[in-house]
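Scroll down for the structure; my scribbles are underneath it.
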Amino acid sequence: RALMVPARPAAPLTALSMVTSIPVQSELSEDEQNKRSAAARQAAASKPLDVHVMGLSHHNAAVDVREKLAIPGDQWVAAAAELVAWSNGAIEEAAVLSTCNRFEVYFSARDSRQA
């Protein structure tokens, strides 16, 4: 199970099933917000987004190394949000997967070098 966290200003996280979103405060009407949201989605969809994965597993790392990187399932969202925040906007979304046999970080970015 991987959890995606979009890059937005810091605000309390709201869990929605397996996807986490960060609410944006606005004084616009709901109709205006929907129009702007649709326009923003269309603009974002026109730009390429690269997806990357980094990780290790029992095939290439010893147990002690995997234990140092392990993140409990209830902290995956916070870890992904921290990675997005740390990147200063270079990483658009992130997801963390950590099991007893592997550790993986998935992230998406518009500029691979910057990410």
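Per this note's numbering, the sequence shown runs over residues 52 to 166.
Backbone N, C-alpha and C define an ideal beta-carbon position, used for all residues, glycine too.
Which residue's Cα is closest to the Cα of residue i: the options?
{"i": "residue 114", "options": "156, 104, 84, 152", "result": "152"}
{"i": "residue 159", "options": "149, 150, 138", "result": "138"}
Output the boundary residues of the alpha helix (DSSP H) element that contains residue i.
{"i": "residue 115", "result": "114–120"}
Suppose contacts are defined by Cβ-Cβ distances below 7 Å. Is residue i in contact with residue j by that definition?
{"i": "residue 136", "j": "residue 165", "result": "no"}
{"i": "residue 2", "j": "residue 82", "result": "No answer is possible for residue 2: it lies beyond the span of the chain, which begins at 52 and ends at 166."}
{"i": "residue 149", "j": "residue 121", "result": "yes"}
- [ ] Ignoring anything shorter than 4 residues or poking outside the region 83–155, list the alpha helix (DSSP H) runs there in chain order.
- [x] 114–120, 127–137
- [ ] Would you check if the region 143–157 and the region 110–125 touch, i.e. whether three or more CB-CB distances between them fall below 8 Å?
- [x] yes
TODO: Taking 8 Å as the threshold, find out whether the region 141–152 comes into contact with the region 122–132 through three or more Cβ pairs.
DONE: yes
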